[in-house]
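Chemist:
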Amino acid sequence: MNLRKISTNLKLPNYALAIAQDYLPSTFFQYDFKTSNQVRPAHTDIPKPNFQEYRRKPLENPNALSSESVDNRRAIMSLFSFVGGIGTLYGCKAHLVQYVLFLSPARDVLATASTSVSITDIPEGKTMIVKWRGKPIFITHRTQQVINTERAVNLADLRHPETDDQRVQRPEWLVIVGICTHLGCVPIPNAGNYPGGYFCPCHGSHFDGSGRTRKGPAPTNMEIPTYKFLDDNTLFIG
C-alpha cells in the first residue's frame with residue numbers, strides 16, 4: 001500500500017504526509033492499515049455497580065443520614081463486643097484454672113490436711129504431740145487446778161487478751177499449734193513459770209496453761225488449729 005492511499009484512509013493532511021515521508025522508515029508503509037468499524041462506548045456507558053443486596057435494611061438508602069441508623073449500628077457493634085468479651089473471659093478463666101491447679105497442693109498433701117487422734121491414752125497433766133500439715137500439735141489433758149487458774153486470770157494482765165473459754169472447746173482439753181509466735185521455735189510442754197504452761201528455750205517466751213503469752217518476746221498467743229471432737233475419745237484436726 002502506498003503512502004498516498006494510507007493518508008487517504010487515515011484522512012491525514014498533506015503536511016503530515018510530507019513529514020511521514022521524511023521520518024518514518026520505509027518498512028512502515030508495508031503494513032496494511034485499515035480503518036476500524038468498531039464502536040467503542042464511552043466510560044459513561046458502563047453500568048454502575050450495585051451493592052444493594054449486600055446492604056442491611058436500615059442502610060439501603062444511601063442518601064439517608066447516619067444519625068437515622070446509629071442505634072442499629074451501635075447494637076451490632078455492642079453485640080460483637082459482648083461476644084468478644086465473653087470469649088476473652090473464657091480464655092482468662094481457662095488460664096487461671098491452670099495456674100490454680102499448678103499452685104494447689106498435691107493429692108498426697110491434701111490427704112494429710114486432716115487427721116484423727118485417739119485421746120484415751122493421754123493422762124491428766126500430760127501432753128501428746130502429733131503432726132498436722134507439717135506442724136506439731138500439742139494436745140494437753142489439763143488438770144482441774146490448771147483450769148481454775150486459767151479461768152481466774154485478769155484479762156488486763158495479758159498482752160494478747162483472750163479468755164480461757166475462747167481457747168478451748170472442752171475445759172479439760174487444750175489443743176494448740178506447738179510453735180512459738182516469736183520466731184517459730186517449738187516450746188517445751190509443762191515447763192516455764194506457769195503451771196501446765198509452755199516454755200520456749202530459744203528466746204525465753206513463757207505461755208500459761210491456756211497457751212497465752214505471759215513473758216518474753218512472743219507477741220501473741222499460741223495458735224488454735226481447726227478441730228472438733230468426734231466423740232469423747234476421738235479428736236479430729238483439720
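FYI, the numbering for the sequence shown is 1 to 238, going by the UniProt record's numbering. By construction, the Cβ of each residue, glycine as well, lies at the ideal position given by its N, Cα and C atoms. Since the model is a prediction, treat every value here as computed from it, not as a measurement.
With 16 as the cutoff for other CB atoms within 10 Å, does Asp231 come out buried or exposed?
Modeler: As a working mapping, residue 231 is identified with position 231 in the sequence shown. Under this definition Asp231 is an exposed residue.
Chemist: Going by the C-beta, is Ala152 closer than 7 Å to any heavy atom of the ligand GDP?
Modeler: Looking for the ligand GDP in the displayed structure turns up nothing, as the structure carries no ligands at all.
Chemist: Here's the rule I'm using: 16 or more other beta-carbon atoms within 10 Å means buried, otherwise exposed. How should Gly184 be labelled?
Modeler: Position 184 of the sequence shown, counted from the start, is the residue given in the question as residue 184. When all chains shown are included, Gly184 counts as exposed.
Chemist: Taking just the CA atoms, how far does Ile76 sit from Phe51?
Modeler: Along the sequence shown, one-based indexing puts residue 51 at 51. Along the sequence shown, one-based indexing puts residue 76 at 76. If I take the Cα positions, the gap works out to 20 Å.
Chemist: Could you check what DSSP says for Ser116 in three-state terms: helix, strand or coil?
Modeler: As a working mapping, residue 116 is identified with position 116 in the sequence shown. Three-state result, Ser116: strand.
Chemist: Taking the alpha carbon of residue 241 as the reference point, which residue from Phe236, Gly209, Arg214 has its own alpha carbon closest?
Modeler: Past the boundaries of the shown model lies residue 241; the chain is included only from 1 to 238, so the question cannot be answered.
Chemist: CA-CA distance, Asp164 and Trp173?
Modeler: Along the sequence shown, one-based indexing puts residue 164 at 164. Along the sequence shown, one-based indexing puts residue 173 at 173. Asp164 and Trp173: Cα-Cα distance of roughly 11 Å.
Chemist: Tell me whether the beta-carbon of residue 265 lies closer than 8 Å to the beta-carbon of Ile179.
Modeler: Here the chain comprises residues numbered 1 to 238, so residue 265 is not present and cannot be evaluated.
Chemist: Does the stretch 142-160 come within contact of the stretch 211-219, defined as at least 3 CB pairs closer than 8 Å?
Modeler: Verdict: yes, contact present.
Chemist: Sorted by chain position, which residues of the same chain lie with C-beta nearer than 7 Å to Glu162's C-beta, five sequence neighbours on each side aside?
Modeler: Locating residue 162 in the sequence shown gives position 162, where the first residue counts as 1. Here the set comprises Arg212, Asn221.
Chemist: DSSP beta-bridge partners for His160?
Modeler: Counting from 1 along the sequence shown, the entry for residue 160 is found at position 160. Its beta-bridge partners do not exist; DSSP assigns none.
Chemist: Look at the alpha carbon of Phe87 and the alpha carbon of Trp132, and state the distance between them as a whole number of angstroms.
Modeler: By 1-based counting over the sequence shown, the position of residue 87 is 87. By 1-based counting over the sequence shown, the position of residue 132 is 132. The sequence given here places Gly at residue 87; Phe does not occur at that position. If I take the Cα positions, the gap works out to 43 Å.
Chemist: Look up Phe236 in the DSSP assignment and give the residues it is bridged to.
Modeler: Working through the sequence shown from its first residue, we reach residue 236 at position 236. Partner(s): Ser116, Lys228.
Chemist: Comparing the C-beta of Glu172 with each C-beta of chain B, is any distance below 8 Å?
Modeler: Here there is only one protein chain, and chain B is not present.
Chemist: Curious, which full-length alpha helix (DSSP H) runs of at least 4 residues does the UniProt domain "Rieske" (167-236) contain?
Modeler: Here no run is fully enclosed.
Chemist: Exposed or buried, what is Arg55 when buried is set at 16 or more other beta-carbons lying within 10 Å of its beta-carbon?
Modeler: Your numbering for residue 55 matches position 55 in the sequence shown. With fewer than 16 Cβ atoms within 10 Å of its Cβ, Arg55 is classed as exposed.
Chemist: With burial defined as no fewer than 16 other Cβ atoms inside 10 Å of the residue's Cβ, what is the status of Thr234: buried or exposed?
Modeler: On the sequence shown, position 234 is the one that residue 234 refers to. That one is exposed.
Chemist: Indicate whether Thr127 and Thr143 have their beta-carbon atoms separated by less than 8 Å.
Modeler: By 1-based counting over the sequence shown, the position of residue 127 is 127. By 1-based counting over the sequence shown, the position of residue 143 is 143. Taking 8 Å as the Cβ cut-off, Thr127 and Thr143 do not qualify as a contacting pair.
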